[in-house]
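*Asks:* Structure incoming, see below.
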Amino acid sequence: RGRPLRLSRWLRRTSLDELPQLWNVALGHMSLVGPRPLNPIEAAQLDGTVGDRNLVRPGLTGPWQVEARGDGRVLADNHHVDLGYLEDLSFRSDLAVLLATLPALFRRREQV
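Everything in the sequence shown is counted per our numbering, starting at 14 for the first residue and increasing by one.
Structure (structure tokens):
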């Protein structure tokens, strides 16, 4: 009984559960780097301050995943990290996020 649950936890902890989203990137529905999509509950918690994050494609990885992976930050803090990224969209910033993603994936922090 415990094996599927342990496997699910491991997939989530290592972010391997995100791999199917590469298909969405290939189809052009998502970008490799960008703000993570918000579910309706999260969007409601931000009280209409979603702002520019809806003007770009959501990303498979983004600045708050790299900076705040499992550190217990609240949604509003993560949202501000994403908005800061959107103020300086560039190939260089995307490359920096991509290069920082791999080490962040292997950090042993619990997911929130």
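Note that the Cβ used here is the ideal one computed from N, Cα and C, for glycine as well.
Note that the coordinates shown come from a computational prediction; the quantities given were computed from them, not determined experimentally.
Cβ atoms of P48 and D90: under 9 Å apart, would you say?
*Replies:* The count along the sequence shown starts at 1 and reaches residue 90 at position 77. The count along the sequence shown starts at 1 and reaches residue 48 at position 35. Contact: no.
*Asks:* Write down the C-beta distance between R70 and S44 rounded to the nearest angstrom, noting that I regard them as a contact closer than 8 Å.
*Replies:* Here residue 70 refers to the residue found at position 57 of the sequence shown. Here residue 44 refers to the residue found at position 31 of the sequence shown. Right, the Cβ-Cβ distance comes to about 4 Å (below 8 Å), so this counts as a contact.
*Asks:* Are the beta-carbon atoms of L99 and L68 separated by less than 9 Å?
*Replies:* Taking the first residue of the sequence shown as position 1, residue 99 is located at position 86. Taking the first residue of the sequence shown as position 1, residue 68 is located at position 55. Against a cut-off of 9 Å, the Cβ pair of L68 and L99 comes out as a contact.
*Asks:* Whole-angstrom Cβ separation of L111 and V38, contact assumed at under 8 Å?
*Replies:* Locating residue 111 in the sequence shown gives position 98, counting from the first residue. Locating residue 38 in the sequence shown gives position 25, counting from the first residue. Not quite, the Cβ-Cβ distance comes to about 12 Å (not below 8 Å), so this is no contact.
*Asks:* Rounded to whole angstroms, what's the CA-CA distance from T74 to E55? Just pull it up for me.
*Replies:* What you label residue 74 is simply residue 61 of the sequence shown in a count that begins at 1. What you label residue 55 is simply residue 42 of the sequence shown in a count that begins at 1. Rounded to the nearest whole angstrom, the CA to CA distance from T74 to E55 is 18 Å.
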